[in-house]
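K.L.:
Chains as they are written, first to last, in our numbering: chain A, 1 to 512; chain B, 1 to 375.
1) Where residue 372(A) and residue 282(A) are concerned, what is the direct C-alpha to C-alpha distance, given to the nearest angstrom?
2) Pick helix, strand or coil for residue 330(A), following the three-state DSSP scheme.
3) Report the residue ranges of all alpha helix (DSSP H) runs contained in full by the region 359-409 of chain A; include only those spanning at least 4 residues, in chain order.
4) Measure how close the beta-carbons of residue 112(B) and residue 195(B) come, nearest whole angstrom, since I'm counting them as under 8 Å.
5) Below 8 Å, how does it come out for the region 410-423 of chain A and the region 235-253 of chain A: are there three or more Cβ pairs, yes or no?
6) Can you tell me where the alpha helix (DSSP H) holding residue 66(A) begins and where it ends?
7) Pick out the complete beta strand (DSSP E) segments inside the region 61-127 of chain B, 3 residues or longer, and give them in chain order.
8) When the distance is taken between beta carbons, is residue 342(A) closer than 8 Å to residue 315(A)?
9) Once DSSP output is grouped into helix, strand and coil, what is the label at residue 142(A)?
10) Quick one: grab the DSSP three-state call for residue 291(A).
11) Given a cut-off of 8 Å on the beta-carbon distance, is the pair residue 300(A) and residue 270(A) in contact?
12) Check the Cβ of residue 350(B) against every Cβ in chain A and list those closer than 7 Å, keeping chain order.
13) DSSP on residue 284(B), reduced to helix/strand/coil?
14) Taking C-beta pairs closer than 7 Å, name the residues in chain B that residue 491(A) reaches, listed in chain order.
15) Any beta-carbon of chain A closer than 8 Å to the one on residue 155(B)?
16) Residues in the region 434-463 of chain A with C-beta within 8 Å of chain B's C-beta atoms, listed in sequence order?
17) Do residue 19(A) and residue 47(A) have their beta-carbon atoms positioned less than 8 Å apart in this structure?
18) Please report the straight-line C-alpha distance between residue 202(B) and residue 180(B), rounded to a whole angstrom.
19) Hey, is the region 108-127 of chain A in contact with the region 69-84 of chain A, meaning 3+ C-beta pairs nearer than 8 Å?
20) Using DSSP bridges, identify the partner residues of residue 21(A).
21) Mind checking whether residue 403(A) and residue 103(A) have CB atoms under 8 Å apart?
22) Contact between the region 230-244 of chain B and the region 256-273 of chain B: three or more CB pairs below 8 Å?
23) Kindly list, in the order they appear in chain B, the residues whose Cβ is closer than 7 Å to that of residue 388(A).
24) Please confirm whether residue 471(A) has its beta-carbon closer than 8 Å to some beta-carbon of chain B.
25) Suppose you measure from the CA of residue 331(A) to the CA of residue 12(A); what does that come to, to the nearest Å?
26) Is it buried or exposed, residue 171(A), if we count other Cβ atoms within 10 angstroms and call 16 or more buried?
27) Using the Cα positions of residue 454(A) and residue 480(A), report the straight-line distance between them to the nearest angstrom.
28) Give me the DSSP bridge partner(s) of residue 153(A).
29) Report buried or exposed for residue 64(B), applying the criterion of at least 16 other Cβ atoms within 10 angstroms of its Cβ.
30) Assign residue 329(B) to one of three DSSP states: helix, strand, or coil.
31) Straight-line CA distance for residue 155(B) to residue 131(B)?
32) Which residues in the same chain have their Cβ closer than 7 Å to the Cβ of residue 298(B), if we skip the five residues on either side of it in sequence?
33) Residue 216(A) by DSSP, collapsed to three states: which one?
34) Could you check whether the Cβ of residue 256(B) sits closer than 7 Å to any heavy atom belonging to the ligand GDP?
35) Quick one: Cα of residue 226(B) to Cα of residue 325(A), how far?
36) Does the distance from the C-beta atom of residue 136(A) to that of residue 163(A) stay below 8 Å?
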């Protein structure tokens, strides 16, 4: 009878249980791994053989067949090494299982039989728990990551020999002394909104964007502080819930970029791909259909600096994920769906020379329009807030000037988010004002008479479309939420109307 | 018609000689039918030239041109057409035949607005304000469809419902610059695009002085909104000067390169342009201005307040208004002067802007609106 060990394989951000079946058959000494493994899986045989010999066990001089079941699903990764090695030891009688319980086994082997950390640990441990496996063995370096999952006993080991002796009950498990808890919220490397001086007006809009989940476009001349502000946006976003943090960590785990191979990601991600980024790197892709920047920015901020310089197709590809909040990547071998619910923050220059509005700018209105048209209507439409960032006169700034801290701004954001969560508690898939449908806008955006009058005035003056009208209502709703007002007041409308500088610019252009 | 085109297309003789012939023979057909000897008898005509005209006696080329023009719906304006302005004929080199799209109305002489292609916001403002004013007075705006000032002048005029004429340095079937394709179409709708060049002629550097001459000749006055040291607008001004047309020039900062050409024009005797009212055509345009110029420039704050306030201003709004009276300011300056924090200021300014009490400029400065409030 073949020996069976439990391991796991990754598919998208989810994992599933894999039975690693090992059978020795009399015949020419060889090892064969079947079950649609990729090259990393196939190469396991060399690592396993070296590791078994290194640990003073003997590798069988027979034909060894290893099957990864279910055999019709493609599997990849080097984390099957340990389960294959244990399977061979059991099959050849060199390891006699003394433990009664079912064990899941994950780990990559080095040639001198040490265990190496692998990617995708978090989803695999979650899959183990969901499959009813009560115990799981992982490389010691992955212990922190694996421990994030409650309801399963996690064991971390450093070498093949240790695992074998533990399973034989020769040596008890020694828990790692290291503190496995990561701090509740890591410091954001010392960035804080109080560093941004003289932009209080703009920051107010950024707070609103953060509070309502509105996408934000900043327009400004080079060096006026767009990137500085964008880097600080994650510091005012509300803390992630445990569930959100797990989602993010899973994606990072699958992408193999979980920092220090462990620890729950508690800070909202901030991704800023360069404008040279390809569509696939942004959306996700590659031969294994791996997550792209939009998924890595899940629950956080995707910052596109110089958005006008991004490829047109690359930008257009963002439209659907922004709508669906997830993205499906199809490749020949894999089709994966990754979550992609992010706040888009973009920055651009106002014109090709970058100094529109100042004496330095000699662009004609047509050239300005042409530059701005690099960003298509549908993308622009999704930018609820479009604000100019005006350069600050440094000579004017007094040194003792202190802006609001990220901490205090975040409290306001969280208060407004709480109101929205209550409002949309019963509606699935909607967490914040920016996601409201027209129906919901009608229901929840009730204007006071003054506000209505003002909006009509703006509507006539700047010749807004009906669609833009709804945008303003959404933003105005968030402004009202910031002050916990049930109805949208005149001042909320006024502030919302000032949220779209570009549209106003358009009205003032001398072009046909 | 075909005789006109034949005459216009003749090699070796330009508009000046063509006009001499025309003065002698009265119609192009007569020129066509006259012998080399008859031609040579006209003063200024050499026998060799007369000979070559005699040899070119074929209307095939002219019919080809007419056919092509017909296909593209282009029209021809000939020298003796009543719509060909006498004022334009003052230029000796004015062509006998012009091709156009759109409509040339009876009184199409207007006011030329020209300037740099790369202009500052100031130059743009001058051009736009002037063009709008002219549109309201139903005075045609004449310009050259170039980028920058030309484009703004045409556009502002059309937006204000005026009549405008564009002179091109290329064939009418092309659009140069390309970004003005929509503008060109709009001018054809509400004015005319005129060229002396046949369809298919590419814009070449040597065409533009000719076009500039046409702009000057069709303009009673010429406004040069902004010109650098080597701007093409200066060539237009030169033509205008030669034709004795008044050249109006707004003052520019002396340290800025973008206004050096215009300042030079001022130094050389161009009229100082300060407001659109100067653009009106009349014998003595300065009489009314002098009175106003004498008035004190520094008006006291109280009489610059908007005359009619639709509602009572809140204390904060009044504060903002007081701060903005002397000059336009950005939000940080307003914050420093009023002591109202920016967040609150945006709110106030947003409402004030919507109600037309203040306007926001491209550089982010707020200023009080001079005109009547918006509602």
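Every residue gets a Cβ at the ideal spot worked out from N, C-alpha and C, and that includes glycine.
P.N.:
This is what the structure gives:
1) Stepping through the first chain from its first residue, residue 372(A) is reached at position 372. Stepping through the first chain from its first residue, residue 282(A) is reached at position 282. About 22 Å.
2) Taking the first residue of the first chain as 1, we reach residue 330(A) at position 330. The answer is strand: DSSP assigns residue 330(A) an E or B state.
3) With a minimum length of 4 residues, the unbroken runs of alpha helix (DSSP H) contained wholly in the region 359-409 of chain A fall at 365-372, 377-381.
4) Walking along the second chain from the start, residue 112(B) turns up at place 112. Walking along the second chain from the start, residue 195(B) turns up at place 195. Contact annotation, residue 112(B) with residue 195(B): C-beta distance approximately 16 Å; criterion of less than 8 Å not satisfied.
5) yes
6) Taking the first residue of the first chain as position 1, residue 66(A) is located at position 66. Note, residue 66(A): premise wrong, no alpha helix (DSSP H); beta strand (DSSP E) at 63-69.
7) 75-78, 97-102, 110-115
8) The residue you call residue 315(A) lines up with position 315 of the first chain. The residue you call residue 342(A) lines up with position 342 of the first chain. Result no, Cβ atoms of residue 315(A) and residue 342(A) do not sit closer than 8 Å.
9) Translated into the one-based positions of the first chain, residue 142(A) becomes position 142. It is helical.
10) Walking along the first chain from the start, residue 291(A) turns up at place 291. Annotated three-state conformation of residue 291(A) is strand, per DSSP.
11) Here residue 300(A) is taken as the residue at index 300 of the first chain, counted from 1. Here residue 270(A) is taken as the residue at index 270 of the first chain, counted from 1. Yes, the pair counts as a contact, with Cβ atoms nearer than the cut-off.
12) Within the second chain, the letter at position 350 stands for residue 350(B). Within chain A, the residues near residue 350(B) are 494, 495, 497, 498.
13) Taking the first residue of the second chain as position 1, residue 284(B) is located at position 284. Annotation note: pLDDT 34 at residue 284(B) (below 50); position unreliable, coordinate value reported separately. Coil.
14) Here the question's residue 491(A) lines up with position 491 in the first chain. 347, listed in chain order.
15) Against the second chain, residue 155(B) aligns to sequence position 155. Closer than 8 Å to the CB of residue 155(B) there is at least one CB belonging to chain A.
16) 454, 457, 458, 461
17) Locating residue 47(A) in the first chain gives position 47, where the first residue counts as 1. Locating residue 19(A) in the first chain gives position 19, where the first residue counts as 1. It is not a contact, given that the beta carbons lie outside the stated cut-off.
18) Here residue 202(B) corresponds to residue number 202 of the second chain, with the count starting at 1. Here residue 180(B) corresponds to residue number 180 of the second chain, with the count starting at 1. Rounded to the nearest angstrom, the two C-alpha atoms are 16 Å apart.
19) yes
20) What you label residue 21(A) is simply residue 21 of the first chain in a count that begins at 1. Paired residue(s): 4(A), 67(A).
21) Within the first chain, residue 403(A) is the residue found at index 403, counting from 1. Within the first chain, residue 103(A) is the residue found at index 103, counting from 1. No, the pair does not count as a contact, with Cβ atoms beyond the cut-off.
22) yes
23) Within the first chain, numbered from 1, the residue matching residue 388(A) stands at position 388. Neighbours of residue 388(A) on chain B, chain order: 364.
24) Here residue 471(A) refers to the residue found at position 471 of the first chain. Judged by the 8 Å Cβ criterion, residue 471(A) is not in contact with chain B.
25) Against the first chain, residue 331(A) aligns to sequence position 331. Against the first chain, residue 12(A) aligns to sequence position 12. Going from the Cα of residue 331(A) to the Cα of residue 12(A) covers about 12 Å.
26) Residue mapping note: residue 171(A) aligns to position 171 of the first chain, counting from 1. Exposed, since its Cβ has fewer than 16 Cβ neighbours within 10 Å.
27) Stepping through the first chain from its first residue, residue 454(A) is reached at position 454. Stepping through the first chain from its first residue, residue 480(A) is reached at position 480. Going from the Cα of residue 454(A) to the Cα of residue 480(A) covers about 15 Å.
28) Position 153 of the first chain, counted from the first residue, corresponds to residue 153(A). DSSP, once it has assigned bridges, lists 135(A) as partnering residue 153(A).
29) Residue 64(B) sits at position 64 when you count from the first residue of the second chain. Burial call: exposed.
30) As a first step, residue 329(B) is located in the second chain; it is residue number 329 there, counting from the start. Of the three classes helix, strand and coil, the one that applies to residue 329(B) here is strand, per DSSP.
31) Indexing the second chain from 1 puts residue 155(B) at position 155. Indexing the second chain from 1 puts residue 131(B) at position 131. The straight-line gap from Cα to Cα measures roughly 8 Å.
32) Taking the first residue of the second chain as 1, we reach residue 298(B) at position 298. Any reading at residue 298(B) needs caution, since the residue's pLDDT is 39, under 50, leaving its predicted position unreliable; the model's value is listed next. Answer for residue 298(B): no residue qualifies.
33) On the first chain, position 216 is the one that residue 216(A) refers to. In this structure, residue 216(A) counts as strand in the three-state DSSP scheme.
34) With respect to the ligand GDP, the structure offers nothing, as it holds no ligand at all.
35) Counting from 1 along the second chain, the entry for residue 226(B) is found at position 226. Counting from 1 along the first chain, the entry for residue 325(A) is found at position 325. Taking the straight line from one Cα to the other gives about 51 Å.
36) The residue you call residue 136(A) lines up with position 136 of the first chain. The residue you call residue 163(A) lines up with position 163 of the first chain. With a cutoff of 8 Å on beta-carbon distance, residue 136(A) and residue 163(A) are scored as not near each other.
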